[in-house]
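In UniProt numbering, the protein residues as written are 1 to 181. Think of the CB as a built atom: it goes at the ideal place given N, C-alpha and C, for glycine as much as any other residue. Contents: one structure, followed by commentary.
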Amino acid sequence: MAATIEVKWGKRRFQVDYEPDMTVKDLKAKCERVTGLHTMKLLAYGAVMKDESQPLSTYGLRPGAKVMLLASHPTAEKKEEGNPVLELVQGATNKLAQQIAPDVDQYEQRVLDAPQDPKARQKLTEYGIYLNEQLMNILFELDGILCGQDEKARHQRKAGVQTAQALLERVDSIKAQLKRM
């Protein structure tokens, strides 16, 4: 039977093979493979094993020893790595680029191919109003994002506002063109 160390992580327990020349770094790598965690602290007999280059025997560990793993859940770790403000800005600007801008292009083409039927023209006018509302919602969404000192988010937000304003002006111009027809 192979020599093992028991690692406790919250309510979970798992066995890790013990090797005499194993370092703290080696033990963390084995724990990472089992848990999926990238950052963690290991405790042996209440002491944090800080020096990853040290062999486990330095901390008094031998086969059958118990180690406590301290870390957050992998999904919580990923959330901390991301920039939530930047993600909000990118969500709004992606909606502009992927949904609303193509809709404005289609709207412009439909107006250029304008039917003579008054009901169809009324629907085009109403669709222009709808596009204006969608663009205003994006502007309100971007306006509600507080960037603080995050320069990257601030620049992306500014670019998103400028894009939305340009699309608004374009929709207004298309609606005016439709009225003149």
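Relative to M136, the option among Q165, L146, C147 and V111 whose CA is nearest is Q165.
Straight-line measurement puts the Cα of L131 at about 8 Å from the Cα of I100.
Between the stretch 112-132 and the stretch 41-60, the count of Cβ pairs shorter than 8 Å is below three; the stretches do not touch. Counting every other CB atom within 10 Å of its CB across the protein chains shown gives K28 a total of 16 or more, marking it as buried. DSSP places E6 within a strand segment (E or B) once states are collapsed to three. K8 is a Cβ neighbour of K66, given a cutoff of 8 Å. Per DSSP, reduced to three states, the secondary structure at R12 is strand.
Around the beta carbon of G128, 16 or more other beta carbons lie within 10 angstroms, which makes this residue buried. Setting aside the 5 residues that flank it on each side, Q15 is surrounded in the same chain by T4, I5, E6 and V7, each with a C-beta closer than 8 Å to its C-beta; the list follows chain order. With fewer than 16 other beta carbons inside 10 angstroms of its own, T39 counts as exposed. The distance from the Cβ of T125 to that of L178 is about 6 Å, consistent with a contact at the 8 Å cut-off. Excluding five sequence positions before and after N83, none of the CB atoms of its chain fall closer than 6 Å to its own CB.
If the five residues before and after D21 are omitted, its C-beta is found closer than 7 Å to the C-beta atoms of P55, all from its own chain and listed in chain order. The beta carbon of D150 sits closer than 8 Å to the beta carbons of N83, V85 and L86 from its chain, once the five residues preceding and following it are set aside; these are given in chain order. Assigned with DSSP and collapsed to three states, T23 falls in strand. For the pair V89 and R157, the CB atoms are nearer than the 8 Å cut-off. When secondary structure is reduced to three states using DSSP, L43 falls in the strand class.
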